[in-house]
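In what follows, a structure is listed as structure tokens, so that the remarks can point back to it.
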Amino acid sequence: MKKKFTLSLILLTALVTLSGCQSIQNWFSNFREEWLGLDMTVRTFDENSQLIDEMSGTSLSISRNDDFDSVDADGTSNADSTVLKITLGKYEIDHVGSSLIAAEEGLEDIFAKYQSSVSIENTDRSVPVLNRMVSSFKNDFTGKAKVILIRSQNGTPLATYVGNKVSLYASDAPKTSELLIDGKRLIIYRCDYTIYDRELLEQ
């Protein structure tokens, strides 16, 4: 009985510790999106960052539409479809081409609070390789305070998000990046973007 209690305590402690890990939170977010859907708003934009349409739902997920994958000579999928499959409750939407941003409920686009362009001057000496190693570690485990400036495909400013714990992840969907911002999912499709350390912009 004592061993079971000790084992349970160890597992509980491990879960609590890992729950603060960005990679674990990202896994849970992906799991929720796949099986339950997320409470998200999806917006699409033209090349001048003008809103085309907006959809919101409490059970939303986005993935690559593998119906459009090409196949090799053996009939094996190349996993190269450029079409997104958006599931909104019981409805399905296919999307390709225009810029798309999907933000989980609780994320705020603060684009209006920032200027259209950002000028940075930093004369601090640093070791780039070491900086990249530290950034990679923080991306996976703790996240970093970041500002995400998103632009349309022709470079027109489109949206801005800020978070205290931000991590960037690859997606199997085409031309798509996924971020975890303070535990909330942000999906960016066919957009230009720059992710700054927030300290850099606050100097």
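Numbered by mature numbering (1 follows the signal peptide of the UniProt record, and there is no 0), the letters in the sequence shown go through residues -19 to -1, 1 to 184 in order. Idealized CB from N, CA, C, for every residue including glycine. Since the structure is predicted, the reported quantities are computational estimates derived from the model, not experimental observations.
When you compare each of the options to residue i by their alpha carbons, which one comes out closest?
| i | options | result |
| --- | --- | --- |
| Thr63 | Pro155, Ile169, Cys172 | Pro155 |
| Leu167 | Asp178, Ile74, Ala151 | Ala151 |
| Asp153 | Ser40, Lys66, Leu41, Ser80 | Lys66 |
| Ala140 | Asp20, Leu19, Asn29 | Asn29 |
Can you look up residue i in the DSSP assignment and give me helix, strand or coil?
| i | result |
| --- | --- |
| Arg179 | helix |
| Asp47 | helix |
Applying the criterion that 16 or more other CB atoms from any shown protein chain within 10 Å of the CB defines a buried residue, is residue i buried or exposed?
| i | result |
| --- | --- |
| Lys125 | buried |
| Glu180 | exposed |
| Ser72 | According to the sequence shown, residue 72 is Tyr rather than Ser. The residue is exposed, with fewer than 16 neighbouring Cβ atoms inside 10 Å. |
| Ala84 | buried |
| Ala60 | exposed |
| Glu159 | buried |
| Ile162 | buried |
| Ile91 | exposed |
| Thr57 | exposed |
| residue 186 | Residue 186 falls outside the range modelled here, since the chain spans only -19 to 184, and no answer is possible. |
Looking at residue j and residue i, is the spacing between their C-beta atoms short of 7 Å?
| i | j | result |
| --- | --- | --- |
| Ile169 | Lys127 | no |
| Gly78 | Lys165 | no |
Do the region 42 to 52 and the region 127 to 142 make contact, defined as three or more Cβ pairs closer than 8 Å?
no
With contact counted as at least three CB pairs below 8 Å, one residue from each stretch, are the region 141 to 151 and the region 28 to 41 in contact?
no
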